[in-house]
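Chemist: Pasting in a structure now, in structure tokens, and then I'll have a few things to ask.
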Amino acid sequence: MESLIAKGVNLGMIEKQSGIAEHRIHYLLDTERRDLLGVGVWQPGGPDVHEDAKTLLQLQSWLDAHDAENRRRSAIEYTEIETGMYLDGLAAEAMNKKRLFHVIGGYGLSKTKTMERFCAKHPMTHETPGAVLVTLTAEEKTSSQLYYRMSDAMRINEKFQIRGRSIGQRVRNGLRAGDVVIVDEANLLFSTGLWSVFKDLFDNTPASVMMLSNPTSNGLVRSNQEELGAFLSRCRTRTIDGNVPADGIAYAKALGYTDQSMIDEAGIIVSTRGLNGGMRAVAKAFEDGEQMAARKGVPLNLTILRQAAKTNSVFFK
């Protein structure tokens, strides 16, 4: 409980959720008094060992529920799945050592969501190195536009006193050892020729670069082998064909489902290749399935889950 309070959990919230009165919570936080909780024989005017035992049971119950909810939320946000943890590990490696990664993964894999959470946990500040996510769009057609997008992502004007004759120089001067620039939708770099910007970043700054692209990048690379060959040959390329069944199984269990047939179905959905599979598809299947079940006035079951997965409202309503 002390560690949760140190992280900013409000005492009032603990009181409301656990049912423990605030003065009892302060009693628990008193290192000398709490050693006597539940110890000894009741005496008139002395501590109530029965009340102490009740308080400890309430606290343990609340801590268990709080931990379960955190794990549920983490799994729902894809951080507890095997594929997400693998991507998380690559990004952590890039922070610890200078690395040039190119991760090729299919649709709905959880690449973007995982990296968003990684950057939130390891923010780049003026005091400490960290990670920044740059999500590319078709709007970035020149190196200046791309550098401005990176400057906004790094929030250079807010966090750093960086000087440079150009926006590109200011971005490069803002990168330090331990920083990692994560580029989402990196396949757009290969189609526009802007990959040279990140080659320049990697060659002329101490930071790492981690590019995330989808399988369409393979064709773009093959059609521009002469230009890209020397650059990508230096990359540590990691190809992830798709999510594994364990990802969907972990997701279903995180939602609290215990029916083994539904848990197994989540593994089948998530590991389906193409637009009908991946974490995005399994998440929508459960979301839509729960709504369909609520309209029918029944709990979500295997039949409804399969129907929801077949509808695939990620694309269609």
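Here the numbering used here runs 1058 ahead of the position in the sequence shown, where the first position is 1.
Every residue gets a Cβ at the ideal spot worked out from N, C-alpha and C, and that includes glycine.
Quantities reported herein were computed from a predicted structural model and do not represent experimental measurements.
#1: What span of residues does the beta strand (DSSP E) with R1296 cover, start to end?
#2: Evaluate S1224 with the Cβ neighbour count: other Cβ atoms within 10 Å of its Cβ, from every protein chain shown; 16 or more gives buried, anything less gives exposed.
#3: At what residue ranges does the region 1226-1280 contain a whole run of the beta strand (DSSP E), taking only runs of 3 or more?
#4: Can you tell me the Cα-Cα spacing of Y1165 and N1272, whole angstroms?
#5: Express the C-alpha separation of Y1315 and L1233 in angstroms, rounding to a whole number.
#6: Cutting at 7 Å between CB atoms, please list the residues of its own chain near T1141, excluding the five before and the five after it.
#7: With DSSP run on the structure shown, which of helix, strand or coil describes T1200?
#8: Since I believe F1159 is in contact with R1296 (beta carbons under 8 Å), could you give me their beta-carbon distance rounded to a whole number of angstroms?
#9: What does H1160 pair with, by DSSP beta-bridge criteria?
#10: In the structure shown, what three-state DSSP assignment does P1303 receive?
#11: Smallest Cα separation from T1195: which of N1245, G1226, K1156 and I1214?
#12: Using the Cα positions of M1269 and G1077, report the straight-line distance between them to the nearest angstrom.
#13: Using beta-carbon positions only, say whether L1148 and E1174 come within less than 8 Å of one another.
#14: Could you tell me the alpha carbon to alpha carbon distance between F1289 and V1241, rounded to whole angstroms?
#15: Taking the alpha helix (DSSP H) that A1152 belongs to, which residues open and close that run?
#16: Here's the rule I'm using: 16 or more other beta-carbon atoms within 10 Å means buried, otherwise exposed. How should A1123 be labelled?
#17: Would you say R1294 and R1157 are within 8 Å of each other, going by their C-beta atoms?
#18: Applying the criterion that 16 or more other CB atoms from any shown protein chain within 10 Å of the CB defines a buried residue, is V1229 buried or exposed?
#19: Helix, strand or coil for T1361? Go by DSSP, reduced to three states.
#20: Please classify E1323 as buried or exposed, where buried requires at least 16 neighbouring CB atoms within 10 angstroms.
#21: First and last residue of the alpha helix (DSSP H) that includes V1340?
#22: Grab me the residues of V1099's own chain with a C-beta within less than 7 Å of its C-beta, minus the 5 sequence neighbours each way, in chain order.
#23: Could you check where the alpha helix (DSSP H) with T1172 kicks off and where it finishes?
#24: So what does DSSP say about L1290, is it helix, strand or coil?
#25: For L1333, name the three-state secondary structure that DSSP assigns.
#26: Note down the Cα distance separating G1335 from D1146, rounded to an integer number of angstroms.
#27: Buried or exposed for S1202, going by 16 or more other Cβ atoms inside 10 Å?
#28: Is G1236 near the ligand NAD, going by C-beta to nearest heavy atom under 7 Å?
#29: Going by DSSP in three states, R1193 sits in which element: helix, strand or coil?
#30: Please report the distance separating the alpha-carbon of A1126 from that of V1255.
Modeler: Taking the definition as stated:
#1: Mapped onto the sequence shown, residue 1296 falls at position 238. R1296 -> beta strand (DSSP E) spans R1294 to I1298.
#2: As a position in the sequence shown, residue 1224 is number 166, starting the count at 1. Exposed, by the Cβ-count rule.
#3: 1238-1242 and 1266-1271
#4: In the sequence shown, the residue the question calls residue 1165 occupies position 107. In the sequence shown, the residue the question calls residue 1272 occupies position 214. Each residue's Cα considered, the two are about 7 Å apart.
#5: By one-based count along the sequence shown, residue 1233 stands at place 175. By one-based count along the sequence shown, residue 1315 stands at place 257. Using only the alpha carbons, I get a separation of about 45 Å.
#6: The sequence position of residue 1141 within the sequence shown is 83, counting from 1. Result list for T1141: L1167, S1168, I1298, N1301, V1302 and D1305, in chain order.
#7: Against the sequence shown, residue 1200 aligns to sequence position 142. In the structure shown, T1200 sits in coil (DSSP, three-state: anything other than H, G, I, E or B).
#8: Here residue 1296 corresponds to residue number 238 of the sequence shown, with the count starting at 1. Here residue 1159 corresponds to residue number 101 of the sequence shown, with the count starting at 1. Sure, about 7 Å apart at Cβ, within 8 Å.
#9: Taking the first residue of the sequence shown as 1, we reach residue 1160 at position 102. According to DSSP, H1160 bridges with M1269 and T1295.
#10: On the sequence shown, residue 1303 is found 245 positions in, with the first residue counted as 1. The answer is helix: DSSP assigns P1303 an H, G or I state.
#11: The residue given as residue 1195 occupies position 137 in the sequence shown. The shortest Cα separation from T1195 among N1245, G1226, K1156 and I1214 belongs to N1245.
#12: Indexing the sequence shown from 1 puts residue 1269 at position 211. Indexing the sequence shown from 1 puts residue 1077 at position 19. Whole-angstrom Cα-Cα distance: 48 Å.
#13: Here residue 1148 refers to the residue found at position 90 when the sequence shown is read from its first residue. Here residue 1174 refers to the residue found at position 116 when the sequence shown is read from its first residue. No, these two residues do not count as a Cβ contact at 8 Å.
#14: Numbered from its first residue, the sequence shown carries residue 1289 at position 231. Numbered from its first residue, the sequence shown carries residue 1241 at position 183. Using only the alpha carbons, I get a separation of about 16 Å.
#15: By one-based count along the sequence shown, residue 1152 stands at place 94. Element bounds for A1152: E1140 to N1154.
#16: Translated into the one-based positions of the sequence shown, residue 1123 becomes position 65. Exposed.
#17: Your numbering for residue 1294 matches position 236 in the sequence shown. Your numbering for residue 1157 matches position 99 in the sequence shown. Contact: yes.
#18: The residue labelled residue 1229 in the question sits at position 171 within the sequence shown. Counting Cβ neighbours within 10 Å, V1229 comes out buried, since at least 16 surround it.
#19: The residue given as residue 1361 occupies position 303 in the sequence shown. Reduced to three states, the DSSP call for T1361 is helix.
#20: Here residue 1323 refers to the residue found at position 265 when the sequence shown is read from its first residue. By the 10 Å Cβ count, E1323 comes out buried.
#21: Here residue 1340 refers to the residue found at position 282 of the sequence shown. It spans M1337 to K1354 - the alpha helix (DSSP H) in which V1340 sits, taken as one unbroken run.
#22: Within the sequence shown, residue 1099 is the residue found at index 41, counting from 1. Reliability of the predicted coordinates at V1099 is poor, the pLDDT of 47 falling under 50, and the value obtained from them is presented with this limitation in mind. Within the same chain, V1099 has no close Cβ partners at all.
#23: Residue mapping note: residue 1172 aligns to position 114 of the sequence shown, counting from 1. Note, T1172: alpha helix (DSSP H), K1169 to K1179.
#24: What you label residue 1290 is simply residue 232 of the sequence shown in a count that begins at 1. L1290: helix per DSSP, three-state reduction.
#25: Walking along the sequence shown from the start, residue 1333 turns up at place 275. Correct three-state label for L1333: coil.
#26: Working through the sequence shown from its first residue, we reach residue 1335 at position 277. Working through the sequence shown from its first residue, we reach residue 1146 at position 88. C-alpha separation (whole angstroms): 21 Å.
#27: The count along the sequence shown starts at 1 and reaches residue 1202 at position 144. Exposed is the call here.
#28: Judged by which ligands are present, the structure shown has none, so any question about the ligand NAD falls away.
#29: Taking the sequence shown and counting its residues from 1, the one referred to as residue 1193 is at position 135. The sequence as given places Thr at residue 1193; Arg does not occur at that position. The answer is strand: DSSP assigns T1193 an E or B state.
#30: For this step, residue 1126 is matched to residue 68 along the sequence shown. For this step, residue 1255 is matched to residue 197 along the sequence shown. If I take the Cα positions, the gap works out to 44 Å.
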